[in-house]
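Enquirer:
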Amino acid sequence: MTELIDRGTPHDDVDTVLARLDAPLASAMRTQRAVRRLLPDPVDDRIVLGLLELALKAPTGSNGQNWEFVVVKDPATKARLAARYREAWKLYGGVARHVTGDDEAMGKVVGAVEWQVEHFEELPVLVVACLRGARVPLLPVPPAVASSFYGSIYPSVQNLLLGARAVGLGASLITLPLWSTVAARRALGLPVSVTPCCVVPLGWPRGRYGPTTRKPVGDVVHLDRYGNRPWRDGG
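Everything in the sequence shown is counted per my numbering, starting at 98 for the first residue and increasing by one.
Structure (structure tokens):
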């Protein structure tokens, strides 16, 4: 199989890029991370559509296949979404900085988000993942209701993210540009029957994919009841 390279560049041949989708799945999973700093260079439509074809292989509730994807490349539409992103970040960013404090690792994460907010219009491709059908009501409902609704879109988004990693593109899952569903619908021309769920910016990464740091599996896995961790510390 084709080896999974560390990152792609705008100069890569399209067929070469798509061939990287044959890379081992586990390799993409082990090195996947949110990549927010992207080059403004265009991404060929064939690459984007190839990744979306993989997104469509994901399961949906009752096999409804009720996804819709809006690929945004128009500068004016990007600008409208960017304005909403900045409005939301004014509220969320201050809190994030306060909570981060002197945590250097988290400071880098917040810094990457701030870069994305400031350069949002420059990102070459935005994929807005949407769902057809009734949205979760605003009235108090059990969490399972929301999970049931959004569970039909996030498996496909993960396919998209893994595919992007495999071909060497940078990608991240964000929701703040959709802070106002009404404004998002207007910007994208969505009918009321289609709900925007998240945005995945795609582009060639400015830096390299670094190693990911995660907790040991035994620290987060419980057997039968919460708190029972028989596999902790290698047990």
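Backbone N, C-alpha and C fix where the C-beta goes; we use that ideal spot for every residue, glycine too.
On a predicted model such as this, the values are computed, not experimentally measured, just so you know.
Do P156 and P288 have their C-beta atoms closer together than 8 Å?
Expert: Residue mapping note: residue 156 aligns to position 59 of the sequence shown, counting from 1. Residue mapping note: residue 288 aligns to position 191 of the sequence shown, counting from 1. No. Outside cutoff.
Enquirer: Between W186 and A193, what straight-line distance do the alpha-carbon atoms span, to the nearest angstrom?
Expert: Within the sequence shown, residue 186 is the residue found at index 89, counting from 1. Within the sequence shown, residue 193 is the residue found at index 96, counting from 1. In a straight line, the C-alpha of W186 is about 9 Å away from that of A193.
Enquirer: My guess is that L266 and G105 are in contact by the Cβ rule of under 8 Å, so how many angstroms apart are they, rounded?
Expert: Within the sequence shown, the letter at position 169 stands for residue 266. Within the sequence shown, the letter at position 8 stands for residue 105. Indeed they touch by this definition, with Cβ atoms about 6 Å apart.
Enquirer: With V222 and L299 assumed to form a contact (beta carbons below 8 Å), what rounded beta-carbon distance in angstroms separates them?
Expert: Numbered from its first residue, the sequence shown carries residue 222 at position 125. Numbered from its first residue, the sequence shown carries residue 299 at position 202. Between L299 and V222 the Cβ distance is about 4 Å, and since that is below 8 Å, they are a contact.
Enquirer: Classify G260: buried if its beta carbon has 16 or more other beta carbons within 10 angstroms, exposed otherwise.
Expert: For the purposes of this step, residue 260 is taken as the residue at position 163 of the sequence shown. Looking at its Cβ environment, which holds 16 or more other Cβ atoms inside 10 Å, G260 is buried.
Enquirer: Going by beta carbon distance, what residues of the same chain come within less than 7 Å of I250, once the five residues before and after it are set aside?
Expert: As a working mapping, residue 250 is identified with position 153 in the sequence shown. Result list for I250: W164, A226, L228, C294, in chain order.
Enquirer: Hey, is the stretch 273 to 280 in contact with the stretch 177 to 186, meaning 3+ C-beta pairs nearer than 8 Å?
Expert: Touching, per the Cβ criterion.
Enquirer: Expressed to the nearest angstrom, what Euclidean distance is found between the alpha-carbon atoms of W328 and D321?
Expert: Taking the first residue of the sequence shown as position 1, residue 328 is located at position 231. Taking the first residue of the sequence shown as position 1, residue 321 is located at position 224. Computed Cα separation, rounded: 13 Å.
Enquirer: Once the 5 residues before and after N256 are set aside, which same chain residues still bring their CB inside 7 Å of it?
Expert: Stepping through the sequence shown from its first residue, residue 256 is reached at position 159. Result list for N256: L151, A152, K154, A155, in chain order.
Enquirer: Report all residues from its chain with a CB closer than 7 Å to the CB of R210; omit the five preceding and five following residues, and keep chain order.
Expert: As a working mapping, residue 210 is identified with position 113 in the sequence shown. Note on residue identity: the sequence assigns Val, not Arg, to residue 210. Excluding residues within five positions, the ones whose Cβ falls inside 7 Å are R133.
Enquirer: According to DSSP, is G147 part of a helix, a strand, or is it coil?
Expert: As a working mapping, residue 147 is identified with position 50 in the sequence shown. Three-state result, G147: helix.
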